[in-house]
């Protein structure tokens, strides 16, 4: 036994372990342990004052019996859908046009990416002012120039969510543009040459060469965007606090409210239960998505 | 912790496919063509159409990307009344530079600015240490349990950060073996930032692709694992360190929910957490000045990092050659 | 603050070299330094003027001079539900902190506050408290866990400048809700600003809807034996929401921002964008310290109460409490601080004068209208003591100060108050942002929802 240990240490097993130590400690304490803890907490009642009690599925029952849950799920779905409508095609078109730019492409990229580097909190607080619902508000002033509006933006249940999505799209689209652009520039030029030999025009090249080549990237960004929007927090939290009349309360905001918003101590069990449900839903969604798209993403 | 889609996408974009920014500097290559052929460019309809589309896009990007920031700069030196009454007018009652000084001094933006820097630098350091040492051990030293460990690390990529929110918060409240709460200490932000599987993936993949003969040669020359790490591996890894650094820094600067939870004491709060609180009490012109200052730093860094990005891209090209 | 920055930089260096864990700073209970007992106390709200913080520090210095073996550090503080929970759970609450009346009972029941009965008794006024007011900080067996430091009644805050601009007499604030509505309309039409505004966010929507409901003779909860019954679906609440709907949708006199919390509405009022709103009678302090209001703009009137036996004015207040995790020495020192900073000035002439003098020297508000924590005589006595230092426009508050003691005061609902307020937030928001909102249905739903919260216990 001892000789085996010595040989292991002599072979560099010890120094390997030392190199892995930061990773093991950081992942162990701040990733693996909390993940396991989440599963445990979801079936416990934890209030940090008394010892946790096993409560079975009670936390899940609490979550499912909360009338706000379905509102939050609906709102989150609505946010994700709007975010796809706004945020999916526009960057693609922009990237296709940009890929044809011969001079100053860096300028285009920089301009497109600029909003991404603005801290989200700054962006939201700035846009909150843009969304001033008075006719003198920034957007209402601009829209008045072309004879539209004024809109109530965040101040009505109907327009609050689209307003949130608009800002979120502004903040994120640049990243998507850069991804598409990278993929577009990675398309082998020979494919276009070959298509031209077959007499293809620009549109046919876009449809039959570019798009198939982008398929993989498009599919991945789609699911990544859905996963990301399902966890939207900063926008509803800072813009509207979930209002007006719960029209922008999202699943993550609800989790936050469970855990941190009651002034008399949080319901950590319900919060972890709901976050596990969300994670499970996203896992199933991704699995189904990749299964469905596998056949046409292999090219 | 809580990487947004944006960051993930941005990170994704920076890695496997060649970056567009990198391509920009490459010498004009006759084979480097896009959808539209040179011949098509010369046709009047397509050529004009394309040029028009380019100009239109540039104008649009300038309006959307730069417009709000320019407005913020203007508003930060306007009076509250001007900004409220006619937000699109240019300084009807003059420029008010005092806002910036007030924001910086009286509202303690300097303190929160420093906190943001500390948070970002610490998170960056932790991420670099974890990614390089871990990546080195997994890719070069290759212990027998390596694949299992690597799989364990990668599996955390599939757990949405929201799952960690509450248990990680409770872990910070009472970390194992430490006996004292990490709340209101910067460690509460730094250490969880290190548990970023994406960084480990990037570093390991990069190290995997380094020529193994170099390490063999060093070992034959009698260099130990530590020596190899410091003197052989790290000098060769500047490009990937650059990529990880940039995204670690930007992510730390942007993070909101996590520092909001673990840094309740205003004295240690970074800008992102402090601004919403201040927004509810300070005057509008000062708030906008504070927002401008907070946006300026990452924007300037971005312009600088663009160049470092190109440099590291060039380095990786040199390494390959 | 500098030391925190320094220690963080040092910590970063440690990490770089060794990657070793080391905790730096930030513990809730400051350790004893050189044999002294260290306590941390809450100071003022975030964003208060520097002069206000200076005045506070001057008072800390006075306390330390009188108690040389106590070391006091202060941190800014504003009670909001989420931050308080996080601090409570995180153990980062200072040794002395404040909570609203509405949370006293719940915290006492969960034993999350230190028992300070003996300390309070030693100060000699434990028996003099207004019984209903003290109830919020007492356990069922009569122990004292928190002491009421100030009480307020809701008043009608109004902007005198906007009144004048709209052709209204600032000396004649509205006395009926019909007046409020007409005045609001006139202000909105003539000045373009919101004639009347209402809080809607972070549980303040529920708080203010409850206030408006009380004023219309309704109640949100009634005790039914052991249980508490939600009575949200009552005629008073209907009248209250009907009034809001008429002002919002018929008159369009409520401006364009309907997502306002306490800070938000104060900010807009101080900026001259709101004609009238309901707020605590002591809000002027914050309007001055945080929002730098022009004193000439400020007016405070009693809230109109609809005639009828049931109509009441909602009142509430603040409790000071001691961290349950503090050591006995710290608890003793903390109780002394509560006595010094919050209580002594209400009962002792020299303390009252010193406090008022210190505040006035830094140009901080002195003389904001409050309700009695002890009895009315004690409060009048206090008002007499501080008279030479009063620097708030009391003449612009006479409608309130003359009328308040004729109003029937009613405490806030007692059970799950903040949770109920959260449910009501969205009711108010719905009425103000949706012209087709069905008030009856909203109230019926909220009633059922709150009842299920109450039944959960």
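Chains as they are written, first to last, in our numbering: chain W, 1 to 299; chain D, 1001 to 1321; chain Y, 2001 to 2457.
For each residue, glycine too, the CB sits at the ideal point set by N, CA and C.
- DSSP places residue 2230(Y) in the uninterrupted beta strand (DSSP E) bounded by 2227-2230.
- Taking residue 2103(Y) as the centre and dropping the five residues before and after it, the same chain places the C-beta of 2418 closer than 7 Å to its C-beta, in chain order.
- With respect to the 9 Å criterion, residue 2076(Y) and residue 2043(Y) are classified as neighbours on the basis of their beta carbons.
- Unbroken alpha helix (DSSP H) runs of no fewer than 4 residues, entirely contained in the segment 2215-2275 of chain Y, are found at 2235-2245, 2262-2270, following chain order.
- Here residue 1280(D) is not bridged, per DSSP, to any residue.
- When the alpha-carbon of residue 2315(Y) is set against those of 2155(Y), 2052(Y), 2038(Y), the nearest one is in 2155(Y).
- Residues of chain W whose Cβ lies closer than 7 Å to the Cβ of residue 2257(Y) are, in chain order, 133, 155.
- Neighbours of residue 2429(Y) across chain W, judged by C-beta separation under 7 Å: 243, 244, 245.
- Judged by their CB atoms, residue 2199(Y) and residue 2261(Y) are nearer to each other than the 9 Å cut-off.
- Runs of the alpha helix (DSSP H) lying entirely within the segment 1197-1236 of chain D and spanning at least 4 residues, in chain order: 1197-1208, 1212-1220.
- The continuous beta strand (DSSP E) containing residue 2039(Y) extends over residues 2037-2042.
- Proximity of chain D to residue 51(W) at the Cβ level (cut-off 9 Å) is not reached, the minimal Cβ distance being about 13 Å.
- A straight line joining the alpha-carbon of residue 2427(Y) with that of residue 2420(Y) spans about 11 Å.
- Around residue 1253(D), the beta-carbon contacts reaching into chain W at under 7 Å are 119.
- Among the residues of the segment 1264-1282 of chain D, those with a Cβ less than 8 Å away from any Cβ of chain Y are 1264, 1265, 1266, 1267, 1268, 1277, 1278, 1280, 1281, 1282, in the order of the chain.
- For residue 2129(Y), no alpha helix (DSSP H) run applies, since DSSP gives it neither H nor E.
- Measuring C-alpha to C-alpha distances from residue 1101(D) to each of 1286(D), 1295(D), 1271(D) identifies 1286(D) as the nearest.
- Within 10 angstroms of the beta-carbon of residue 2387(Y) lie fewer than 16 other beta-carbons, which makes it exposed.
- Listed along chain Y are 2089, 2090, 2091, each with a C-beta nearer than 8 Å to that of residue 1173(D).
- Beta-bridge annotation (DSSP): residue 103(W) is not paired with any residue.
- Shown here, residue 1166(D) sits in a helix according to DSSP, grouped into three states.
- At a cut-off of 9 Å between C-beta atoms, residue 2432(Y) counts as an interface residue with respect to chain W.
- The three-state reading of DSSP puts residue 159(W) in helix, counting H, G and I together.
- Residue 1148(D) counts as exposed, since fewer than 16 other C-beta atoms from the protein chains shown sit within 10 angstroms of its C-beta.
- Residues of chain D whose Cβ lies closer than 7 Å to the Cβ of residue 65(W) do not exist, since the nearest Cβ in that chain is about 20 Å away.
- Any Cβ of chain W closer than 9 Å to the Cβ of residue 2451(Y) would place that residue at the interface, and such an atom is absent.
- Within chain W, the C-beta atoms nearer than 9 Å to that of residue 1033(D) come from 189, 192, 193, in chain order.
- For residue 2086(Y), the nearest CB of chain D lies under 9 Å from its own CB, placing it at the interface with that chain.
- As the crow flies, the alpha-carbon of residue 91(W) is around 5 Å from that of residue 177(W).
- Here residue 2420(Y) carries a helix assignment [DSSP, helix/strand/coil].
- Taking every protein chain shown into account, the CB of residue 37(W) has 16 or more other CB atoms within 10 angstroms, so this residue is buried.
- Taking a cut-off of 8 Å on C-beta distances, the segment 163-174 of chain W touches the segment 78-88 of chain W, as three or more cross pairs fall below it.
- For residue 1175(D), same chain residues with a beta-carbon under 7 Å away, outside a window of 5 residues either side, are 1182 in chain order.
- The Cβ atoms of residue 1192(D) and residue 262(W) lie no closer than 9 Å to each other.
- Contact annotation for residue 240(W) against chain Y: 2259 [CB-CB distance below 8 Å, chain order].
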